[in-house]
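Report on the following structure.
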Amino acid sequence: MTTTEQELQRLDKIITALRNPESGCPWDKKQTPETMKTYLLEECYETVEAIDSGRAAAVREEMGDLFFQLVFISQLYEEQHAFSLTEVISGIADKMVHRHPHVFGDEKVGSAARQSQRWNEIKAAEKKTATSAADRLTGVPKSLPALRRAQRVSERAAHNGFEWSGRQAAINKFSEETEELLEAMKDNDQNHIIEEMGDVLFMLVNLARLYNINAEDTMHLATEKFIRRFRGLENLALEEGLNLHDLSETELLNLWQRNKNNLT
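Residue 153 in my numbering sits at position 153 of the sequence shown, and the numbers go up by one each step.
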């Protein structure tokens with residue numbers, strides 16, 4: 001038995017002990033797959049944040065926390081006689097072999113783009129319930145972050161023939177949607193504004209896809225940049241004895257620009 005197998009077996013025994021009806025942990029004993037969903041999502045986001053930090057030690061720790069959640073949830077289903085951890089691992093191993101016939105079989109692919117297309121073809125064939133292109137769009141989980149879900153939906157639409165002739169065509173459509181949003185804002189119709197705002201955001205996600213940009217990651221970067229700049233703005237105001245609440249919009253923008261210049 002390898003070290004990895006030994007440690008996996010040890011973790012499995014730990015979780016079994018935590019779930020022991022008589023001697024287990026009260027908190028762990030009362031958990032269900034439904035109650036564990038929130039913790040699973042939190043660990044996913046913490047793992048992503050650790051990766052973004054560039055600190056390998058943090059990634060290792062967060063991956064451990066995430067892996068624990070997966071093994072724990074698997075144990076819950078095993079107690080229900082639904083499936084076991086072994087079946088989970090075996091299932092994903094079989095799936096990867098099946099989806100890579102160019103590696104584990106005789107099939108040939110000429111490029112990464114062709115492989116991506118082939119992957120989606122195989123995946124679609126596996127999803128027998130997806131009888132139409134629209135079914136494949138609705139197959140994108142609603143639980144995904146909104147920007148990520150929008151990008152995945154637009155990707156699947158493109159794979160099924162609904163694609164822009166080029167970036168400029170998408171840019172033109174974005175301009176059109178922006179004009180419609182501005183018109184809705186002039187009318188001050190809240191429901192119309194929400195609808196048009198959604199169209200603009202969806203087109204931005206489409207543009208991100210066409211430029212090979214991850215919209216979700218880009219939004220995170222922009223948010224972090226704003227936080228850094230706001231922190232600098234706040235510090236600059238403190239140095240000058242200013243209260244942000246007392247400043248006019250013009251004064252705030254002037255202070256923001258000065259801080260922005262200091263950061264560049």
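Beta carbons: idealized from backbone N, C-alpha and C, even for Gly.
Bear in mind the structure is a predicted one, so any value in this text is a computation, not a measurement.
Item: Spatial neighbours of W164 in its chain, beta-carbon cut-off 6 Å, leaving aside the 5 residues before and after; Value: A170
Item: DSSP three-state assignment for F83, whether helix, strand or coil; Value: coil
Item: Within the region 75-153, ranges of the alpha helix (DSSP H) (whole runs, at least 4 residues); Value: 85-99, 101-104, 112-126 and 133-138
Item: Spatial distance of T38 from M63 (CA atoms); Value: 16 Å
Item: Buried versus exposed, by CB contacts within 10 Å (16 or more), A184; Value: buried
Item: Rounded C-alpha distance that separates V153 from M1; Value: 43 Å
Item: CB of L221 within 8 Å of CB of V200, strictly; Value: no
Item: DSSP-derived helix/strand/coil call for L247; Value: coil
Item: Neighbour-count burial assignment, Q257, 16 or more Cβ in a 10 Å radius; Value: exposed
Item: Inter-stretch contact at 8 Å, needing at least 3 Cβ pairs: the region 58-78 / the region 9-20; Value: yes
Item: Beta-carbon gap between E177 and M203 smaller than 8 Å; Value: yes
Item: Nearest-angstrom Cα separation, counted from V109 out to K142; Value: 32 Å
Item: Collapsed DSSP secondary structure at L207 in the structure displayed; Value: helix
Item: Neighbourhood of E46 by C-beta, 6 Å cutoff - its chain only, sequence neighbours within 5 removed; Value: E62
Item: Reduced DSSP category for F162 - H, G, I as helix; E, B as strand; rest coil; Value: coil
Item: Own chain residues within Cβ distance below 7 Å of D28, not counting five before or after; Value: L18 and R19
Item: Under 8 Å between C-beta atoms of V205 and L144; Value: no
Item: C-beta atoms of N120 and H159 nearer than 8 Å; Value: yes
Item: Assigned secondary structure, R55 (DSSP; H/G/I helix, E/B strand, else coil); Value: coil
Item: Cβ-Cβ separation, L247 to L255 (assumed contact under 8 Å), whole Å; Value: 7 Å
Item: Expected contact under 8 Å - CB spacing of L66 and C44 to nearest Å; Value: 6 Å
Item: Segment limits, alpha helix (DSSP H) that includes E7; Value: T3 to L18
Item: Other residues of its chain near A237: CB distance less than 6 Å, five sequence neighbours each side excluded; Value: L244
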